[in-house]
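Chemist:
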Amino acid sequence: MNYSNADNGYDSKGVYDNKKNSDSPMSVQSAAYENGGTSNTSATYKSDTTSRNKAYLKLVYEQYKKYKLSNKKLDFDDMIIYCHKCLSRNQRELEYWQGVFDYVCVDEFQDTGLLQADIIYMVADTKKNVCVVGDDDQSIYGFRGASGTVFMDFMKRFPDAKKIILGTNYRSLPYIIKGADKVVSNNQVRIKKDMKAYRSGDGRIHIREAATQGRQADMVISLINDYIKNGGELNDIAVLYRVKKEASVLVSSLETIGMPFFTRDMVDDIHLGMCYKDMLAYYRLSRGIPESGDLQRIINRPKRYLKSNLIRGCEFDRNKIYEACTKNASRQECLRINDTVNDMFLDFRTLSKIDNPTQFINYIYSNMNYEESLYEYAEYVGLDSEDMLNQSEMMKKESLKLDNMKEWYSYIVDKEYRQRVDKNKGLYLSTFHGAKGLEWKKVIIISANERITPYAYMGKVDDYEEERRLFYVAMTRAKDELDILYIEGSGNARQRSRFIEELIV
538 MNYSNADNGY DSKGVYDNKK NSDSPMSVQS AAYENGGTSN TSATYKSDTT
588 SRNKAYLKLV YEQYKKYKLS NKKLDFDDMI IYCHKCLSRN QRELEYWQGV
638 FDYVCVDEFQ DTGLLQADII YMVADTKKNV CVVGDDDQSI YGFRGASGTV
688 FMDFMKRFPD AKKIILGTNY RSLPYIIKGA DKVVSNNQVR IKKDMKAYRS
738 GDGRIHIREA ATQGRQADMV ISLINDYIKN GGELNDIAVL YRVKKEASVL
788 VSSLETIGMP FFTRDMVDDI HLGMCYKDML AYYRLSRGIP ESGDLQRIIN
838 RPKRYLKSNL IRGCEFDRNK IYEACTKNAS RQECLRINDT VNDMFLDFRT
888 LSKIDNPTQF INYIYSNMNY EESLYEYAEY VGLDSEDMLN QSEMMKKESL
938 KLDNMKEWYS YIVDKEYRQR VDKNKGLYLS TFHGAKGLEW KKVIIISANE
988 RITPYAYMGK VDDYEEERRL FYVAMTRAKD ELDILYIEGS GNARQRSRFI
1038 EELIV
């Protein structure tokens, strides 16, 4: 068949229209969702991203299409689109394939997109010989086109189809099944089920509160140690999270104590955060070994009201910094700048004499009012102040274990995650999506807070029902024990997740 790349979009009949949706790529959007994007279907990708990001994404996608055309390549989305076109526009072709398959059976039907489902319906339409298997409560791939209503749509398409509910859960103990069902039953669009446990016993669900990300990490480690002391194995435990950034502090804590773990996620290294970089810059400046950009980086953290562009490329010298900052300044402003630069160098002199890492950090945070200006800066530039809190807490915690500043500096500079590649040993860390289809005796869900689960992308939750199904999937990974942790009184004053409220009602 001759595929034309010039016509690779939905038309008015439901086929992708590239002219109407030139900024709505089907493949690129999957990557956009990897760290917690929207749950829009491929055909309605127009999200709340900025105009600049949309324009950039459109440019990338146009180049991507040109690459496919020039190299005569199709991606998976193209295969679906062209297959749908072929069958919907060519009756002879459709009749041929209807004759090829005596029976059509589809597993994991809840992960089926609308175009995929339509292909199935067309092929099975004459013989009505189709069987679909799946769990609509586990439909969690809306971001790549799956529809949460696909089972209901199937029953409308084939009203005489026989519905068989497999109501026995062979994995989890009764209490876990009841709790998960209590949550997902709040969804309005679903097939009602009465799930029963095959296994006997109760199972346990514990809801726990932590004050900060650091305390949450400590709590996770404590729960793991208790489980192992009682005869459990580390391999039987998983820590699950909605988005991978929620694992950063935990990963750092696990590395610090040497607890084996592995993950398929590329968890962000907290040591690459702004607070760590600021402290490294202060260390180098106070020791007289500045690197390019160090001075400009910290010149207004804390606030000194000095123009950073004026000191770009300036040597780390009191007089030269003063001269650079007072160009075209009034006499009164020159006096203020003189006092400010003097105070700054007095602080550097004090820091140069501090060799204890904890005292060094506390002096900057407290005596120099770094902490106060940090949150003001985060709010001004739109950063998450809770991320700043997590970095600060972890940095202070790590400093207690190091004897001197040279050791501290080497530790931070050399620190990197050695994420375990041995798939048979250690604690398993995963996003909710990555855990689908897996199971553990003990599961710990972390950061069960509003704006995390359900996930708020650009301040908006696209689909509460899919988010609830995703939480249900996370809960039902547990065979025997389930711990759900949330953070109370965090930097953004997050509330615990509505899914916890639904569980405890």
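Just so we're aligned, residue 538 is where the sequence shown starts under this note's numbering, counting upward by one.
A virtual CB, placed ideally from N, CA and C, is assigned to each residue, including glycine.
1. Assuming L777 contacts R1035 under a Cβ cut-off of 8 angstroms, what Cβ separation, rounded to an integer in Å, is found between them?
2. Ends of the beta strand (DSSP E) at C620?
3. If I follow the unbroken alpha helix (DSSP H) through S936, where does it start and stop?
4. Could you tell me if K782 is buried or exposed, where buried requires 16 or more neighbouring beta carbons within 10 angstroms of its beta carbon?
5. What separation, rounded to the nearest whole angstrom, lies between the Cα atoms of D1020 and I981?
6. For a quick check, are the C-beta atoms of F1087 and F680 less than 9 angstroms apart?
7. Could you pull the start and end residues of the alpha helix (DSSP H) that R1033 belongs to?
8. Considering only C-alpha positions, which residue in the set K729, G769, R589, D697 is nearest to D1051?
9. Enumerate in chain order the residues of its own chain whose CB-to-CB distance from V667 is below 6 angstroms, with the five nearest sequence positions on each side excluded.
10. Which stretch, first to last residue, makes up the alpha helix (DSSP H) that contains L817?
11. Which runs of the beta strand (DSSP E) at least 3 residues long sit entirely within the segment 635–708? Give them in chain order.
12. Quick one: grab the DSSP three-state call for I742.
13. Please identify the residue among R745, L809, S790 whose C-alpha is closest to the C-alpha of D951.
14. Quick check: the segment 1003–1014 against the segment 712–730, are there 3 or more CB pairs under 8 angstroms?
15. Pull the bridge partners of Y912 from the DSSP assignment, please.
16. From the DSSP output, read off the bridge partner residues of A747.
17. Does the distance from the CB of I744 to the CB of L1040 come in under 9 angstroms?
18. So what's I891 in DSSP terms, helix, strand or just coil?
19. What first and last residue would you give for the alpha helix (DSSP H) that runs through Y965?
20. Out of D674, L624, A683, S676, which one is the CA nearest neighbour of L651?
21. Find out if the Cβ-Cβ distance for the pair L966, A775 is shorter than 9 angstroms.
22. Count the other CB atoms, across all protein chains shown, that sit within 10 Å of the CB of G738; report buried if there are 16 or more and exposed otherwise.
23. Among residues of its own chain, excluding the 5 on either side of V565, which ones have a beta-carbon nearer than 6 angstroms to its beta-carbon?
24. According to DSSP, is N865 part of a helix, a strand, or is it coil?
25. Please work out which residues of its chain come closer than 8 angstroms, Cβ to Cβ, to F969, disregarding the five sequence neighbours upstream and downstream, and give them in chain order.
26. According to DSSP, simplified to helix, strand and coil, what is V726?
27. For Y778, name the three-state secondary structure that DSSP assigns.
28. Using the Cα positions of I835 and K814, report the straight-line distance between them to the nearest angstrom.
29. Whose C-alpha, out of C871, K973, M816, is nearest the C-alpha of T895?
30. Span of the beta strand (DSSP E) holding F853?
31. Measure from the alpha carbon of I656 to the alpha carbon of each residue in D674, E632, D672, then state which is nearest.
32. Considering only DSSP beta bridges, list what K733 is partnered with.
33. If we ignore side chains and look at the alpha-carbon of each, how far apart do C917 and R1031 end up?
34. Are there 16 or more other CB atoms within 10 angstroms of the CB of R626, so buried, or fewer, so exposed?
35. Are the CB atoms of W945 and F885 within a distance shorter than 9 angstroms?
Modeler: Taking the structure as given:
1. Actually they are not in contact, since the Cβ atoms of L777 and R1035 sit about 18 angstroms apart, beyond 8 angstroms.
2. Taken as a continuous stretch (DSSP letters only), C620 belongs to no beta strand (DSSP E), being part of the alpha helix (DSSP H) at 613–626.
3. 922–936
4. buried
5. 5 angstroms
6. The structure shown does not extend to residue 1087, since the chain is modelled only from 538 through 1042, so no value can be given for it.
7. Segment: none, R1033 is in no alpha helix (DSSP H) and carries neither H nor E.
8. This structure gives no information on residue 1051, because the portion of the chain shown stretches from 538 to 1042.
9. V641, A661
10. 811–823
11. 641–643, 667–669
12. strand
13. L809
14. yes
15. The partner list for Y912 (beta bridge, DSSP) is empty, contrary to what the question assumes.
16. I1024
17. yes
18. coil
19. Taken as a continuous stretch (DSSP letters only), Y965 belongs to no alpha helix (DSSP H), being part of the beta strand (DSSP E) at 964–968.
20. A683
21. yes
22. exposed
23. Low per-residue confidence applies at V565: pLDDT is 36, beneath 50, and the placement is therefore not dependable, though the value from the model is reported in the following sentence. Around V565: Y598.
24. coil
25. I677, L777, Y778, R779, T990, L1007, F1008, V1010, A1011
26. coil
27. strand
28. 9 angstroms
29. M816
30. Taken as a continuous stretch (DSSP letters only), F853 belongs to no beta strand (DSSP E), as it is neither H nor E.
31. E632
32. T705
33. The displayed chain sequence assigns Tyr, not Cys, to residue 917. So the alpha carbons of these two residues sit roughly 20 angstroms apart.
34. exposed
35. no
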